[in-house]
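Colleague: Right, I'll just put the structure down here and ask away after.
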Amino acid sequence: MAHTEPPITAIADLRQDTQGEHLYLAGRLDASGTAAIWDKARQLARHDLRVEAAAVDYCDGAGLALIYALIQQGAQVENLPQRYGALLNELNPAQPLQTAPPEKRPAFLIRLGARAAAIWSSFYDLMSFTGELTAAWGVWLRKPGIMRWGDMLEQCIKAGVNATPIVLLVAFLFGVILAFQSAVPMRQFGAELFVANLVGLSLVRELAPLMTAVLLAGRTGAAFAAEIGTMKVNEEINALITLGLEPVRFLVLPRILAVTLMAPMLTVLAEVIGILGAGLVLLTFNIPLQTTVAQVMDSVGFADYIGGLAKATVYGFGIAVIGCRRGLNTGAGASAVGASTTQAVVSSIVMLVVADGLFAVAFYYLGW
Numbered sequence: 053m054a055h056t057e058p059p060i061t062a063i064a065d066l067r068q069d070t071q072g073e074h075l076y077l078a079g080r081l082d083a084s085g086t087a088a089i090w091d092k093a094r095q096l097a098r099h100d101l102r103v104e105a106a107a108v109d110y111c112d113g114a115g116l117a118l119i120y121a122l123i124q125q126g127a128q129v130e131n132l133p134q135r136y137g138a139l140l141n142e143l144n145p146a147q148p149l150q151t152a153p154p155e156k157r158p159a160f161l162i163r164l165g166a167r168a169a170a171i172w173s174s175f176y177d178l179m180s181f182t183g184e185l186t187a188a189w190g191v192w193l194r195k196p197g198i199m200r201w202g203d204m205l206e207q208c209i210k211a212g213v214n215a216t217p218i219v220l221l222v223a224f225l226f227g228v229i230l231a232f233q234s235a236v237p238m239r240q241f242g243a244e245l246f247v248a249n250l251v252g253l254s255l256v257r258e259l260a261p262l263m264t265a266v267l268l269a270g271r272t273g274a275a276f277a278a279e280i281g282t283m284k285v286n287e288e289i290n291a292l293i294t295l296g297l298e299p300v301r302f303l304v305l306p307r308i309l310a311v312t313l314m315a316p317m318l319t320v321l322a323e324v325i326g327i328l329g330a331g332l333v334l335l336t337f338n339i340p341l342q343t344t345v346a347q348v349m350d351s352v353g354f355a356d357y358i359g360g361l362a363k364a365t366v367y368g369f370g371i372a373v374i375g376c377r378r379g380l381n382t383g384a385g386a387s388a389v390g391a392s393t394t395q396a397v398v399s400s401i402v403m404l405v406v407a408d409g410l411f412a413v414a415f416y417y418l419g420w
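According to our numbering, the sequence shown is numbered sequentially starting from 53.
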């Protein structure tokens, strides 16, 4: 078989222009292209000869070595594309390299492009995480044994049991404050008895799920972002991948399931304690606890309880997902962990407001 020479992809010629004679470099200055013109370019180059490199399409280490050698011979390389000139300057040639000026673009276009790229990157990450999470849920539903139940129980303790004191305290204060605030105007009409109806309905339908979710966002969601973010900064996430363990199934799934289960349970406790706080306030108006409980039972229906628990479940799921996703997207350094934690809390609160509005519209059309 006849041997064929590889095609020449680089050019090195002496040419003339308005500024005089110069060495013209063009094409791909890769390993093969540079080898084809190396000897010719070195022979043509001389002291103070101008080397025109604006037509260089590609330049790797071999091409940079040739250009550096020409500079060492006294040639003056001009108009090399900036992306290659910056790397060549790291070699500290005797003469500073004149690179092609960067293309000028309006500042607002640069900012607009950067913002659009950031939004697209965030959307892509969200879709990727959603796909991984959906796949992990599908695997778990088919094979429940793969769930790390010990880790999930530990997360239930952290997100549920350990959060109980603060949830009960805030719920009790909510009940007391609501009862006092509503009793003052209703007392003018002798309607203190209906304070129990107002507090019970408000806590069950709206305040208990929302208040519990806000506490979980600031406590549990931030903790998830900080824990997973620290693991990523310490390369522990990469270590799990190296060991063949999927981070979503290994770290995210137990946390999401734990918070999704604990949120409605904490909401029930908040409702009970909040109504108890309101009942203690109504005792000062000579309304016994039995009457308060009866009023609440009459005014709050089964659909109200189910609606409140549905809200709490969705809130808990969303908070866990946001916290884990922000943790997995953490950058490098301690400041990145802090940024991920802040983003997790802010995103969770925004999610709560949006979800609550959607629930309000849905309940309106359902007649609840």
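All C-beta atoms, glycine included, are put in the ideal place defined by N, C-alpha and C.
#1: Can you tell which of K284, Q95, V228 and L139 has its C-alpha closest to the C-alpha of R378?
#2: Skipping 5 residues on each side, what residues in its chain have a beta carbon closer than 6 Å to that of L341?
#3: Rounded to the nearest angstrom, what separates T70 and L101 at their Cα positions?
#4: Report the CB separation of A78 from V108 in whole angstroms; it is logged as a contact under 8 Å.
#5: Identify which residue in V345, L255, L81 and S399 has its Cα closest to the Cα of Y136.
#6: Going by C-alpha distance, which of A346, A88, L267 and Y417 is nearest Y367?
#7: Alpha carbon to alpha carbon, what distance is there between R239 and G270?
#8: When the Cα atoms are used, what is the spatial distance from A386 to T282?
#9: Looking at C-beta atoms only, is the number of pairs between the segment 206 to 213 and the segment 243 to 255 that lie closer than 8 Å three or more?
#10: Can you tell me where the alpha helix (DSSP H) with I198 in it begins and where it stops?
#11: Look at V247 and L334 and say whether their C-beta atoms are less than 8 Å apart.
#12: Please classify N290: does DSSP put it in a helix, a strand, or coil?
#13: To which residues of the same chain is L321 closer than 8 Å at the C-beta, ignoring the five residues directly before and after it?
#14: Could you check what DSSP says for Q125 in three-state terms: helix, strand or coil?
#15: What residue from L161, F160, Q125 and I119 has the CA that sits closest to G141's CA?
#16: Determine the burial state of I289: buried for a count of at least 16 other Cβ atoms within 10 Å of its Cβ, exposed for fewer.
#17: Buried or exposed for T56, going by 16 or more other Cβ atoms inside 10 Å?
#18: Have a look at T186 and L193 and give me their C-alpha separation to the nearest angstrom.
#19: What is the DSSP secondary structure of Q68, reduced to helix, strand or coil?
#20: So, with DSSP's three-state summary, where would you put E298?
#21: Under three-state DSSP, which class holds V352?
#22: In the DSSP output, which residue or residues are listed as bridge partners for A78?
#23: Considering just the uninterrupted stretch of the alpha helix (DSSP H) at L267, what are its terminal residues?
#24: Mapping DSSP to helix, strand and coil, what is P58?
#25: For A106 and A121, what's the separation of their Cα atoms in angstroms?
#26: Could you name the residues of the same chain whose beta carbon sits closer than 7 Å to that of V300, not counting the 5 residues immediately before and after it, in chain order?
#27: Counting only the same chain and skipping the five closest in sequence on each side, list residues whose C-beta sits under 6 Å from that of A372.
#28: Would you identify the three-state DSSP class for N338, choosing helix, strand or coil?
#29: Compare the beta carbon distance of P316 and A364 with 8 Å and say whether it is the shorter of the two.
#30: Taking its Cβ as the centre, do 16 or more other Cβ atoms sit within 10 Å of V413, making it buried, or is it exposed?
#31: Just to confirm my understanding: we take R98, look at its own chain, exclude 5 residues before and 5 after, and list those with CB closer than 8 Å. What are they?
Modeller: In brief:
#1: That would be K284, whose Cα lies nearest to the Cα of R378.
#2: Excluding five sequence positions before and after L341, the CB atoms of its chain that fall closer than 6 Å to its own CB belong to G331, given in chain order.
#3: Each residue's alpha carbon lies about 14 Å from the other.
#4: That belief holds up - the Cβ atoms of A78 and V108 are roughly 6 Å apart, short of 8 Å.
#5: The shortest Cα separation from Y136 among V345, L255, L81 and S399 belongs to L81.
#6: Cα-wise, what sits closest to Y367 is L267.
#7: Looking at the backbone, the Cα of G270 and that of R239 are separated by about 37 Å.
#8: Inter-residue distance for A386 and T282 is about 8 Å (C-alpha atoms, whole angstroms).
#9: Verdict: no, contact absent.
#10: Judged by DSSP secondary structure, I198 falls outside any alpha helix (DSSP H); it is assigned neither H nor E.
#11: Yes, they are a contact pair.
#12: N290 falls in the helix class under three-state DSSP.
#13: The beta carbon of L321 is closer than 8 Å to those of T216, V219, L220 and A223 in its chain, skipping five residues each way along the sequence.
#14: In this structure, Q125 counts as coil in the three-state DSSP scheme.
#15: Inspection of the sequence shows that residue 141 is occupied by Asn rather than by Gly. For the residues L161, F160, Q125 and I119, the minimum Cα distance to N141 belongs to I119.
#16: Only buried fits I289, as 16 or more other CB atoms lie within 10 angstroms of its CB.
#17: Bear in mind that the predicted position of T56 carries a pLDDT of just 47, short of 50, making it too unreliable to give a figure here.
#18: Going by the C-alpha atoms only, they are around 11 Å apart.
#19: Three-state result, Q68: strand.
#20: In the three-state scheme derived from DSSP, where H, G and I count as helix and E and B as strand, E298 is classed as coil.
#21: Coil.
#22: Looking at the DSSP assignment, A78 forms a beta bridge with I63 and A107.
#23: Counting along the chain, the alpha helix (DSSP H) containing L267 begins and ends at A260 to L268.
#24: Any reading at P58 is ruled out, since the residue's pLDDT is 48, under 50, leaving its predicted position unreliable.
#25: Looking at the two C-alpha atoms, the distance is approximately 18 Å.
#26: Here V300 has E184, L185 and A188 as same chain residues with Cβ atoms under 7 Å from its own Cβ, once five neighbours each way along the sequence are excluded.
#27: Sequence-distant partners of A372 (beyond 5 residues in either direction) whose C-beta falls short of 6 Å from its own C-beta, in its chain, are R307, I308 and V311.
#28: Secondary structure at N338: coil, using DSSP grouped into helix, strand and coil.
#29: In this structure, P316 lies near A364, with their beta-carbon atoms less than 8 Å apart.
#30: Looking at its Cβ environment, which holds fewer than 16 other Cβ atoms inside 10 Å, V413 is exposed.
#31: Taken in chain order, the residues that qualify are Q125, G126 and A127.
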